[in-house]
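The structure under discussion appears below in the form of structure tokens.
Residue numbers (this note's numbering): 3 to 118.
Here it is, written out as structure tokens:
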């Protein structure tokens with residue numbers, strides 16, 4: 003049964019090509035917002051907290067600071083409204099899910115950048 007589901011997902015779900023990114027990277031996600039008849043593009047820039055799932059159900063969580071309040075947003079990778087993803091900085095972290103990042107403030111909340 004699982005192989006049949008996998009086959010259908012691979013055949014019929016259109017996958018967009020996005021750059022490779024992982025936890026600790028700072029990325030900008032451009033996505034469409036529909037307001038009635040109008041469509042506009044909005045972006046969300048922040049640090050990737052995690053990537054979860056695989057295939058069509060894969061998601062990633064981004065966290066940014068809006069003033070003094072932390073805002074997190076979960077994006078499905080196969081969301082039709084996603085236009086593009088830009089990787090701004092590559093971060094060096096030791097784990098795949100950096101939930102501890104939520105509790106850090108000030109200089110402790112900095113992630114070391116990987117130069118490539």
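Every residue, glycine too, gets a C-beta built ideally from N, C-alpha and C.
Count the other C-beta atoms from every protein chain shown that fall within 10 angstroms of the C-beta of residue i, then say buried if there are 16 or more, exposed otherwise.
i: residue 55; result: exposed
i: residue 14; result: exposed
i: residue 45; result: exposed
i: residue 38; result: exposed
i: residue 93; result: buried
Since I believe residue j is in contact with residue i (beta carbons under 8 Å), could you give me their beta-carbon distance rounded to a whole number of angstroms?
i: residue 89; j: residue 23; result: 5 Å
i: residue 49; j: residue 72; result: In fact, because the Cβ distance is near 10 Å, the residues do not count as touching under 8 Å.
i: residue 84; j: residue 18; result: 7 Å
i: residue 35; j: residue 42; result: 5 Å
i: residue 87; j: residue 20; result: 5 Å
Among the options, which has the Cα closest to the Cα of residue i?
i: residue 103; options: 42, 3, 9 and 64; result: 64
i: residue 7; options: 57, 43, 51 and 33; result: 57
i: residue 82; options: 21, 97 and 32; result: 32
i: residue 101; options: 62, 43, 86 and 70; result: 62
i: residue 78; options: 40, 53 and 70; result: 53
i: residue 59; options: 74, 69, 80 and 40; result: 80
Are the CB atoms of residue i and residue j nearer to each other than 8 Å?
i: residue 91; j: residue 30; result: no
i: residue 47; j: residue 66; result: yes
For residue i and chain C, any beta-carbon pair shorter than 8 Å?
i: residue 27; result: This model lacks chain C altogether; it includes just one protein chain.
* Of all the beta strand (DSSP E) runs that stay within the bounds of the segment 36-107, which reach a length of 3 or more residues? -> Runs of the beta strand (DSSP E) lying entirely within the segment 36-107, each at least 3 residues long, are 40-54, 61-68, 71-78 and 84-91 in chain order.
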